[in-house]
Ligand SMILES: NC(=O)c1ccc[n+]([C@@H]2O[C@H](COP(=O)([O-])OP(=O)(O)OC[C@H]3O[C@@H](n4cnc5c(N)ncnc54)[C@H](O)[C@@H]3O)[C@@H](O)[C@H]2O)c1
Ligand SMILES: [Zn+2]
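Residue numbers (my numbering): 187 to 635.
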């Protein structure tokens, strides 16, 4: 009661069922047992549906043992833990039977806390925690050590990493998986992992049956390729990324996109395949080389600009948690990139892709290209570029101007040759904004040395 469930459900974009709505409060006049019995019926009914919904449980529902059993079987229970004063402020004067005076309310609050602690799968302090829980993301310093318990089920696990990551964190992951670890595999380091040759080898090495889970330990290249192998091997097996690079923790391992490259371009073959759990341990970033960190910071700055908050200033644990939740919320609302909302994540990327293509994907990293792309997007939005300059220090790249311009017009988001952009408007990010050709060309030129 009073924890802000209404706004949480709305923001998740899933259908929401409020059990209270079907349980007339007047039943309380006949005594609490009558009310709880009806409530239990409603919960049973809702939980028997096949499609995912957000169930907004009344605060007392879990005092009924039968409801607790149903939840245990059929739901992920998120406890929105707010202190008693904040909770009271929200329900005070609502006329609810159990919120008529502070003393009784406080007693009830204390009585129920242990029950909440027992039924909760996840304790959430804020909206981002709820999003992470619903998206199946677990963000916690030291999470790698608990990999075995965090990956759902008790079936066999195949651990996939690359030689660098295997050498640094592989042993910890193996120990954490314990008896579930059935096999280990390595993909080549870097973009080489995202080739049919590498995935073909992995497909053939895998021994898991359909009850197994692929655990992908590594950067975005490992998670993209291993996730794609999971989407396709035996027509799809469960997978759980444990991302180790900043790019992967805030971007690649979130949202269910998996894939490999073709010689014609990056990420041209793939599948949407949502992980059963994503285990994010920000402590792993401590071994990440500085240039790789900067790659990830480009996406962090992008996320902060989209969210309208300086997320890049936060310490690692919080920075990763907030950025991961931001992307996850958008992907939950638009899981297969159909509605268009997911397109805003491409802020700065139309320019970036053009620069990368003009460089033939050699010598210009994605992060550096995104940093430059953000400059252009901010300039076209009439915004200050100070943040990007300070945090990412982008330097113009030496590529062929004509080639970059041609690539931008060919961009898959361009319609009829007119490039469209994500820009920051007064009301927030907007995608599909058409920009006069000469303005787009001018901003692209400014990024080239
Ligand atoms: N699927 C998506 O939605 C999505 C989103 C963004 C990016 N991506 C993909 O991600 C890829 C880039 O990911 P990346 O930048 O992580 O590259 P990467 O996987 O090649 O990792 C970068 C390098 O860092 C090393 N490394 C990773 N973690 C480390 C650690 N903790 N300590 C020491 N070294 C470590 C790796 O071995 C590698 O050499 C691209 O292919 C891109 O297309 C996918
Ligand atoms: Zn990117």
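Quick reminder that beta carbons are idealized off the backbone N, C-alpha and C, glycines included.
Burial is judged here by how many other beta carbons sit within 10 angstroms of a residue's own beta carbon; residue 481 has at least 16 and is buried. Residue nearest to residue 348 within the set 373, 340, 326 is 373 (criterion: CA-CA distance).
When DSSP states are grouped into helix, strand and coil, residue 447 belongs to the strand group.
The alpha-carbon separation between residue 284 and residue 220 amounts to approximately 15 Å. A distance below 7 Å between beta-carbons, with the five flanking residues on each side excluded, links residue 299 to no residue of its chain. Under the three-state reduction of DSSP, residue 376 is assigned to helix. Between ligand 2 and the CB of residue 574, the shortest heavy atom gap is not smaller than 7 Å.
With respect to the C-alpha of residue 304, the residue from 253, 431, 624 having the closest C-alpha is 253. DSSP, read as helix, strand or coil, puts residue 369 in strand. A heavy atom of ligand 1 is found nearer than 7 Å to the CB of residue 354. A direct Cα-to-Cα measurement between residue 491 and residue 327 gives close to 25 Å.
For ligand 2, the residues with a Cβ under 6 Å from any of its heavy atoms are, in chain order, 485, 535, 552, 556. The nearest non-hydrogen atom of ligand 1 is less than 7 Å from the C-beta of residue 470. Checking the DSSP bridge columns, you'll see residue 266 partnered with 310. Rounded to the nearest whole angstrom, the C-alpha separation of residue 246 and residue 268 is 15 Å.
Just measuring C-alpha positions, the residue of 438, 427, 391 sitting nearest residue 420 is 391.
If you draw a straight line from the Cα of residue 461 to the Cα of residue 604, it is about 36 Å long. In the assembly as shown, residue 597 is a buried residue. Its beta-carbon has 16 or more other beta-carbons within 10 Å. Annotated as proximal: residue 534 and residue 556, with beta-carbon spacing under 8 Å. Residue 431 carries a coil assignment under DSSP once its states are collapsed to helix, strand and coil.
Checking the DSSP bridge columns, you'll see residue 323 partnered with 464. Annotated three-state conformation of residue 400 is strand, per DSSP. Just measuring C-alpha positions, the residue of 334, 443, 450 sitting nearest residue 546 is 450. The beta carbon of residue 230 sits closer than 7 Å to the beta carbons of 256 from its chain, once the five residues preceding and following it are set aside; these are given in chain order.
Remark: three or more beta-carbon pairs, one from each stretch, lie closer than 8 Å, so the segment 358-369 and the segment 333-350 are flagged as touching. Put simply, the segment 472-488 touches the segment 548-555. At least three CB pairs are less than 8 Å apart.
Taking a contact as a CB-CB distance under 8 Å, the pair residue 380 and residue 441 does not count as one, their CB atoms being some 17 Å apart.
Ranked by how close their Cα comes to the Cα of residue 621, the residues 430, 609, 259 have 609 in first place. In this structure, the C-beta of residue 431 approaches ligand 1 to less than 7 Å from one of its heavy atoms.
Residue 341 holds the alpha-carbon nearest to the alpha-carbon of residue 369 among 341, 280, 511, 567. Straight-line spacing of the CA atoms in residue 454 and residue 382 works out to 11 Å.
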